[in-house]
Structures are given as structure tokens and as C-alpha cells.
Ligand code: MN
Ligand code: MN
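In my numbering, the protein residues as written are 4 to 466.
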């Protein structure tokens, strides 16, 4: 007769804590993998930088620039860059492309503050930049922290200047001011979401006037003079620029046990990095594998660098056509892991989570069957059949995984690129890493979960 414990083991479901179940060797591998990831976080804070870093690694690993129309052979490694803000990596498989492709889709844009087209102004002898926030942020989190400026400026003559300032120790940082508590009584009456308004997210960029006995707005003039000396730009060049204000923090280990990583932009670099590494490491796969690292997810995937555009479809269409196929013949047979993060259970703010259906730090990669809000609105709900296939694949590859919803029903919601991939008639499910303080300037993830994401993408490509 079996004991209660034996029955429980056989019949009940409970996700494992990877820290308890993994071997010491496996944990050491995860910790080593995290070192490369931290370097990536520090080098690639924007979609353009992430594209550049992945591109240069791809070239080092022998990936060739994709040539539309060319017929590729098994084992060929390709990259395709979309407008410097998104990148596709592909390894051609041994099977015909008529059997479909395996896609891992992650995004490399993160919530931030974009400069407005005409950003620079002077107010009471302080020079500031006006910003328009990008993606879902809690605005109060962005004041009184060190900020850096990243992006490009296209000058009137068409030349492009790259800007990256505030990252090195010797470089100046930028900051948004907040009201001191002594005078904060009126502000404290605002709701938390209105504590700092969008038009109050003004970045301080200088305070010393241009040396002159005459004239007005001399602080602004002095900043323009410095910008002209450093970058060769004039004020009107801001009109054709993409400049992004991001936290100036570096990635750090968190905790006495160093089990976690604190950083800006885990969402979604924590999936993009392992998805790229899996594409780099896979050798001679059976199926053609594709890692797409896309832009614009945080603003709804619109725009020609987001996954609502056709660039991924066109890439696959070229591969299909070179093999005498229509693109739909490939897409309909294809499968995808929409590689995006989910909210990690937070013991301090536990009321928004439903404990049996939320993801936890250290319990491995999280499968999110559906996203959406208010009755699954706006979701691609993965089928039971595809869920069954993916869980069997993960178990076979010894990937520690868990299931999770984004918070309680009616507590809120969110979305990913999954539905845009599903609209191409591809089987897709969200699989990614749980994140604490998601969309904050400094988010937290677990090293073991990161490594399990890598193992999951690798196993998916290895099928
Ligand atoms: Mn995301
Ligand atoms: Mn996000």
C-alpha cells in the first residue's frame, strides 16, 4: 500500500525550486552564463546597441549577411538587420523548410524616456531636456536617479552621429529633480500614478552660462556650444534624432548568495540574450532555427521594426521562395517560443498575485499559456496540444520550468508578440524569465531562471 507522500508525489503538481534540485555543477554553469549576460546588459541598453552587440558576435561566430533570393544549404548561418533596431539570426536545418521553422522571438527595446523632437530649453538658468516616456513606466521611479543618454542624431547633411554618454565613470550623468519632502505636502496629495507627471520628466543637462555680458538664455547657448564641439550638431539636428534616456546603473549581483541580478532592461534582454546564445551554439540543427530580436514591443509592436510589421514574414518568404515554396507553406508548419518575461511573485506586494498560477524567482523558465486582460482579451491562447508538446520537450531536456499568469484575474494584464506570431498561423506560446519590479529602472531576475531560458531555447532548436 502506497503512503500519502507517495500518492502525493505521483498525483500532485508543484514546481521545483531550481536552487534545491539542480546539481552543484549545473548551478556553476548558470552562474558562469550570467557573467556574459551582465556584460551584455551593460553594453546594450537600447535596441540599437543590442542589435550592434549581437551583430558583432554573430559575425565572430561565422554568421553571414542574409542575401534575399539566395538558396542556402544545411548548416548555413545567417543574420539580417532591420533598420539597425532589430536583428534576425538563422541557422539552416537539415530538413527541408517545407517542414517549418523553429522561432524564438524576443524584444530588445525597454521602457525608457525618449527626448522630444525639440527637447532643449532653459528655465530659470537651468538647461533641461523635455522627454516623452516610451512604454509602461511608473513615472515617479525615474526621478532622482542617475541617467545616461543613448542614441543617434542624423545631421542636415545626412551624416549620423552616435551618442552614448553617462555610462563611464568619468562621464557626466543626467538627472530629473523631485520636490524635497519638506515642501512635498501638496505633491503627496496626488495619487501615486500622478506623483510625477509626464511633463515633469524634464532632464537637467547643465547650469553654467555662456561667458557674455549680453544676451538671454546663455545656459542653453552654452550647452549647444558644448554639443557642437563634441558631436558637431546644432539645435535643429534634434529634429532628426532618436535619443533615449536610460538609467546609468550597471548590472549587479543581488543578495549575499549572489543568486539574483539587478539591472535596467531585463525585460526583455533576459530572453533576447539566451535566445541569441542558443542560435550561436546550435550546430547543424534538423529544423531551420530563427532567433528574432525585435523592437517596439513595449509600445505595442507597431512600426516597421516591430513584429506587427512583415519583416520576419518576408525573411521566411525569401527562404521559402528559394526552395520553390510559398511562405504560407512554411509558416503553417512552424512553431515559436515567444520569449518574453512574466511578473515574478513578490512577497512584499503579494495581493496582486494568485499563488497557484504565478511564476516565482528560481523556479525556472515560466510558460505563460495566455496573456491579455479582462477575460483574456487580446491574447494568443496556446492550445493544449502545443502546451503538451512544449512541456514534454522541456522535461526531456531537464529544463526546470513553471507555469504563470500575469497576476490575478482583473488585477491588470499585459501582452507580448505572441499574438502577432500566431496571426501568421504559427503555433506559439510565451516562455521566458520571471522578473521582479518589471519595468522599473532597476529590475531583478534569478541567474538560474536565465540559464533555464537558454536551455529551453537550445532544446527547442535541437528538436
Ligand atoms: Mn517584454
Ligand atoms: Mn515589457
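Note that beta-carbon positions come from the ideal geometry of N, C-alpha and C, so glycine has one too.
Since the model is a prediction, treat every value here as computed from it, not as a measurement.
Alpha carbon of residue i to alpha carbon of residue j, nearest angstrom
| i | j | result |
| --- | --- | --- |
| residue 426 | residue 381 | 12 Å |
| residue 217 | residue 124 | 18 Å |
| residue 414 | residue 353 | 12 Å |
| residue 314 | residue 160 | 29 Å |
| residue 325 | residue 67 | 17 Å |
| residue 348 | residue 454 | 19 Å |
| residue 255 | residue 295 | 27 Å |
| residue 24 | residue 18 | 11 Å |
| residue 114 | residue 236 | 27 Å |
| residue 207 | residue 70 | 45 Å |
| residue 37 | residue 27 | 15 Å |
| residue 342 | residue 389 | 15 Å |
| residue 54 | residue 308 | 12 Å |
| residue 234 | residue 167 | 11 Å |
| residue 212 | residue 219 | 10 Å |
| residue 257 | residue 393 | 31 Å |
| residue 82 | residue 327 | 22 Å |
| residue 14 | residue 4 | 15 Å |
| residue 39 | residue 269 | 14 Å |
| residue 357 | residue 127 | 50 Å |
| residue 2 | residue 187 | The structure shown does not extend to residue 2, since the chain is modelled only from 4 to 466, so the question has no answer here. |
Backbone secondary structure at residue i - three-state DSSP
| i | result |
| --- | --- |
| residue 43 | helix |
| residue 453 | helix |
| residue 116 | strand |
| residue 216 | coil |
| residue 84 | strand |
| residue 294 | strand |
| residue 144 | helix |
| residue 185 | helix |
| residue 448 | strand |
| residue 489 | In the structure as shown, the chain begins at 4 and stops at 466. Residue 489 is therefore absent and cannot be evaluated. |
| residue 55 | helix |
| residue 190 | helix |
| residue 393 | helix |
| residue 15 | coil |
| residue 461 | helix |
Of the residues the options, the one placed nearest residue i, counting alpha carbons only
| i | options | result |
| --- | --- | --- |
| residue 49 | 63, 69 and 151 | 151 |
| residue 195 | 148, 144 and 207 | 144 |
| residue 226 | 165, 138, 234 and 130 | 130 |
| residue 59 | 307, 283 and 321 | 283 |
| residue 229 | 245, 244, 210 and 392 | 210 |
| residue 243 | 164, 91, 310 and 265 | 164 |
| residue 418 | 437, 393 and 379 | 379 |
| residue 184 | 238, 147 and 258 | 147 |
| residue 371 | 339, 391, 389 and 409 | 409 |
| residue 279 | 411, 457 and 27 | 457 |
| residue 316 | 108, 182 and 447 | 108 |
| residue 98 | 333, 421 and 395 | 333 |
| residue 47 | 16, 443 and 110 | 110 |
| residue 89 | 257, 76, 306 and 397 | 306 |
| residue 272 | 78, 6 and 447 | 447 |
| residue 132 | 405, 360 and 248 | 248 |
| residue 496 | 240, 128, 187 and 91 | Any property of residue 496 remains undetermined from this structure, which presents the chain solely from 4 to 466. |
| residue 176 | 221, 186 and 149 | 149 |
| residue 373 | 397, 400 and 431 | 431 |
Minimum Cβ-Cβ distance from residue i to chain B less than 9 Å
| i | result |
| --- | --- |
| residue 222 | Here there is only one protein chain, and chain B is not present. |
Distance between beta carbons of residue j and residue i, contact taken as under 8 Å
| i | j | result |
| --- | --- | --- |
| residue 136 | residue 116 | 5 Å |
| residue 445 | residue 198 | Not a contact, Cβ separation roughly 18 Å. |
| residue 3 | residue 435 | This structure cannot settle anything about residue 3, because the visible part of the chain is limited to 4 through 466. |
| residue 367 | residue 420 | Contact flag wrong, Cβ pair sits at about 22 Å. |
| residue 345 | residue 437 | 6 Å |
| residue 200 | residue 142 | 7 Å |
| residue 96 | residue 80 | About 11 Å separates the two Cβ atoms, so there is no contact after all. |
| residue 204 | residue 179 | 6 Å |
| residue 466 | residue 290 | 6 Å |
Contact under 9 Å by Cβ, residue i with residue j
| i | j | result |
| --- | --- | --- |
| residue 287 | residue 463 | no |
| residue 112 | residue 299 | yes |
| residue 275 | residue 57 | yes |
| residue 336 | residue 72 | no |
| residue 424 | residue 362 | no |
| residue 154 | residue 251 | no |
| residue 134 | residue 120 | no |
| residue 94 | residue 292 | yes |
| residue 322 | residue 100 | yes |
| residue 433 | residue 385 | yes |
| residue 449 | residue 364 | yes |
| residue 443 | residue 416 | no |
| residue 439 | residue 262 | no |
| residue 302 | residue 310 | no |
| residue 91 | residue 460 | no |
Distance cut-off 8 Å: residue i Cβ against heavy atoms of ligand 4
| i | result |
| --- | --- |
| residue 396 | Ligand 4 is absent from the structure shown, which contains only ligand 1 and ligand 2. |
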